[in-house]
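Here's the structure, in structure tokens; my notes come after.
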Amino acid sequence: MKKRKIKKTKPMFKKKRSPARTALNVFLIALLLIAIAFLGYSVGKPIMEFVSSRPSREANVSTGPTEPLEPATSPTTVSEKPVTTTEAPVSEEPEKELSRLYFVKLPPAQEFDAWLDENIAYATQNGYYGLVVELVADGGTVGYNTASEKAIAYSAVSQYALADLKAAAQRISDAGLLSYARISALSDHIVSRIDKGMCYLFENSTSTWLDNSVSAGGKSWITPFSDSSKEYISGFVSEISDAGFAGIIAGELIFPPFRRSDLEYVGASVQSPTRYTALADFSNSIQATLGEAKSYAIEVDALDILRGSDEVLNDPSLLNCNTVYVRYSSSEIGVRVEITDETEISYEGLSENDKLKAVFKNVSEALADSGKTVIPAVEEQSQADLLVSMGYDGKLIVIY
Numbered sequence: 000m001k002k003r004k005i006k007k008t009k010p011m012f013k014k015k016r017s018p019a020r021t022a023l024n025v026f027l028i029a030l031l032l033i034a035i036a037f038l039g040y041s042v043g044k045p046i047m048e049f050v051s052s053r054p055s056r057e058a059n060v061s062t063g064p065t066e067p068l069e070p071a072t073s074p075t076t077v078s079e080k081p082v083t084t085t086e087a088p089v090s091e092e093p094e095k096e097l098s099r100l101y102f103v104k105l106p107p108a109q110e111f112d113a114w115l116d117e118n119i120a121y122a123t124q125n126g127y128y129g130l131v132v133e134l135v136a137d138g139g140t141v142g143y144n145t146a147s148e149k150a151i152a153y154s155a156v157s158q159y160a161l162a163d164l165k166a167a168a169q170r171i172s173d174a175g176l177l178s179y180a181r182i183s184a185l186s187d188h189i190v191s192r193i194d195k196g197m198c199y200l201f202e203n204s205t206s207t208w209l210d211n212s213v214s215a216g217g218k219s220w221i222t223p224f225s226d227s228s229k230e231y232i233s234g235f236v237s238e239i240s241d242a243g244f245a246g247i248i249a250g251e252l253i254f255p256p257f258r259r260s261d262l263e264y265v266g267a268s269v270q271s272p273t274r275y276t277a278l279a280d281f282s283n284s285i286q287a288t289l290g291e292a293k294s295y296a297i298e299v300d301a302l303d304i305l306r307g308s309d310e311v312l313n314d315p316s317l318l319n320c321n322t323v324y325v326r327y328s329s330s331e332i333g334v335r336v337e338i339t340d341e342t343e344i345s346y347e348g349l350s351e352n353d354k355l356k357a358v359f360k361n362v363s364e365a366l367a368d369s370g371k372t373v374i375p376a377v378e379e380q381s382q383a384d385l386l387v388s389m390g391y392d393g394k395l396i397v398i399y
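In numbering that gives the first Met the number 0, the protein residues as written are 0 to 399.
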């Protein structure tokens with residue numbers, strides 16, 4: 000069989016290109032490469048810049064700068080005590096109003112400074128408004144280191160006396176308490192026994208009158224008729240005022256318990272029906288020495304008011320003071336009180352609370368026209384609370 004012949008259409012030799020054609024092709028290829036390079040640069044550069052500007056993943060988990068950042072605003076002051084969200088909100092209770100004055104008696108066998116500090120602590124812890132410090136006690140003992148020559152010479156100063164009266168007043172004030180002093184005005188049995196210018200004398204004699212026989216413990220008393228007596232007590236008043244005490248309560252503005260025979264022995268001065276004016280005059284001398292800038296009050300026993308034997312209040316208009324403390328003692332009053340007109344008041348069958356109310360009702364009636372402010376002085380806090388419910392101002396009630 001004959002093999003089939005296949006004709007080739009491709010020419011055996013390439014057609015020869017002209018030099019101009021070759022140069023044109025080279026130019027076009029170069030132009031294309033330039034165009035491609037320009038396009039790549041224009042598009043690729045922004046992409047590369049975007050990629051390079053992105054933060055690395057390590058920066059996102061960094062612990063932060065080593066130096067603290069400055070606050071944008073001024074820092075606010077905060078409490079040193081940390082506040083946590085687990086603490087319950089604290090409700091603000093209204094501050095309890097301070098009330099009552101607490102009486103600090105001259106201690107018989109203890110340093111007064113230490114005793115005073117104990118009472119300052121007690122008063123502040125129990126919401127008291129102030130203290131009434133006994134600086135001249137019933138009987139004449141002086142409770143602080145006074146400059147009084149007579150008190151020193153006649154051993155009237157307590158061996159336990161306050162070392163520095165001004166410092167004592169400052170300690171009371173620093174504790175946030177009001178400082179009052181109590182003085183016994185006419186019951187001195189120490190200096191009056193020696194100083195003839197201050198005591199009661201037998202009429203037309205230089206012998207000192209005593210309220211009982213020597214064997215029965217008879218005592219001498221300061222007389223309100225004496226200028227020496229006024230000077231002696233006023234000396235204490237000046238020292239107390241200068242030390243910084245806010246006020247003074249004067250007690251025992253009384254005559255001794257004269258018997259009828261005593262009145263004859265002592266003479267006309269104590270027999271006079273107007274002898275009470277001497278008590279008012281003595282009280283006014285204390286107030287004048289203290290000055291208008293300080294508070295001054297007198298103290299009278301409720302029992303004397305009920306009996307009608309409160310001579311210092313016979314004519315209240317004579318007294319320069321505006322305040323009268325009425326001291327209440329249930330045991331001293333008892334259940335029956337004999338009055339000077341030979342009648343009596345009976346509290347028999349009353350409870351202690353009802354008795355307290357009845358007594359102060361009687362006191363208010365007795366002093367209704369006096370023009371004086373009555374403030375109770377009682378033995379127990381519960382009594383003070385009851386009196387407040389009756390309308391008395393509890394702030395200055397004294398608790399003995």
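No residue lacks a Cβ here, since even glycine has one placed at the ideal position from N, Cα and C.
Those residues which DSSP pairs with residue i across a bridge
| i | result |
| --- | --- |
| GLY129 | LEU100 and LEU177 |
| ASP300 | ARG326 |
| VAL377 | ILE398 |
| VAL336 | ILE344 |
| THR123 | The partner list for THR123 (beta bridge, DSSP) is empty, contrary to what the question assumes. |
| ILE182 | VAL135 and ALA249 |
| THR205 | Partner(s): none; THR205 has no beta bridge. |
Check: residue i C-beta below 7 Å from any heavy atom of the ligand NAD
| i | result |
| --- | --- |
| ALA357 | You won't find the ligand NAD in this model; it holds no ligand whatsoever. |
Start-to-end residues for the beta strand (DSSP E) that takes in residue i
| i | result |
| --- | --- |
| LEU161 | 156-161 |
| GLY246 | 246-250 |
| ILE344 | 343-345 |
| GLY234 | GLY234 -> not in any beta strand (DSSP E); alpha helix (DSSP H) instead, spanning 226-242. |
Close Cβ partners of residue i (< 7 Å) along its chain, the five nearest in sequence each way excluded
| i | result |
| --- | --- |
| PRO54 | Confidence in PRO54 is poor, its pLDDT being 43 and thus under 50, which makes the residue's placement too unreliable to answer from. |
| THR205 | LYS195 |
| ASN361 | LEU305 and ILE344 |
| THR322 | ALA296, LYS371, THR372 and ILE374 |
| SER228 | MET197, ILE221 and THR222 |
| ASP309 | VAL299 and ASP303 |
| SER237 | THR288 |
| ALA155 | GLY139, THR140, VAL141, ILE189 and VAL190 |
| GLN169 | GLY243 |
Neighbourhood of residue i by C-beta distance below 6 Å, restricted to the same chain and skipping five residues each side
| i | result |
| --- | --- |
| LEU164 | TYR143 and ALA242 |
| ALA180 | VAL132, LEU134, ILE239, PHE244 and ILE247 |
| LEU317 | ALA279 |
| VAL377 | TYR327 and ALA383 |
| PHE281 | PRO223 |
| ASP210 | GLY217, LYS218 and PRO255 |
Three-state secondary structure assigned by DSSP to residue i
| i | result |
| --- | --- |
| THR200 | Rather than Thr, the amino acid found at residue 200 in this sequence is Leu. LEU200: strand per DSSP, three-state reduction. |
| ILE46 | For ILE46, the predicted model reports a pLDDT of 45, less than 50, meaning its position is unreliable; a value from the coordinates is still stated below. Helix at ILE46. |
| ILE221 | strand |
| LEU318 | coil |
| TYR295 | strand |
| THR276 | helix |
| GLY142 | strand |
| LEU289 | helix |
| SER260 | helix |
Beta-carbon proximity check, residue i vs residue j, cutoff 8 Å
| i | j | result |
| --- | --- | --- |
| VAL373 | LEU366 | yes |
| TYR128 | LYS394 | yes |
| LEU312 | SER363 | no |
| LEU130 | SER178 | yes |
| GLY307 | THR339 | yes |
| THR222 | LEU176 | no |
| GLU351 | VAL334 | no |
| PHE224 | SER157 | no |
| ASP112 | LEU161 | yes |
| ILE396 | LEU100 | yes |
| GLY250 | ALA184 | yes |
| SER329 | LYS356 | no |
| ILE398 | PHE102 | yes |
Boundaries (first-last residue) of the alpha helix (DSSP H) holding residue i
| i | result |
| --- | --- |
| VAL213 | Premise fails: VAL213 is in no alpha helix (DSSP H) and is neither H nor E. |
| VAL269 | 267-270 |
| ASN401 | Residue 401 lies beyond the stretch modelled for the chain, which goes from 0 to 399, so this question has no answer here. |
| ILE151 | 148-152 |
| VAL311 | Note, VAL311: premise wrong, no alpha helix (DSSP H); not H, not E. |
| SER191 | 190-193 |
Beta-carbon proximity list for residue i, same chain, < 8 Å, skipping 5 on both sides
| i | result |
| --- | --- |
| GLN286 | TYR295, ASN319 and CYS320 |
| HIS188 | GLY138, GLY139, LYS218, SER219 and TRP220 |
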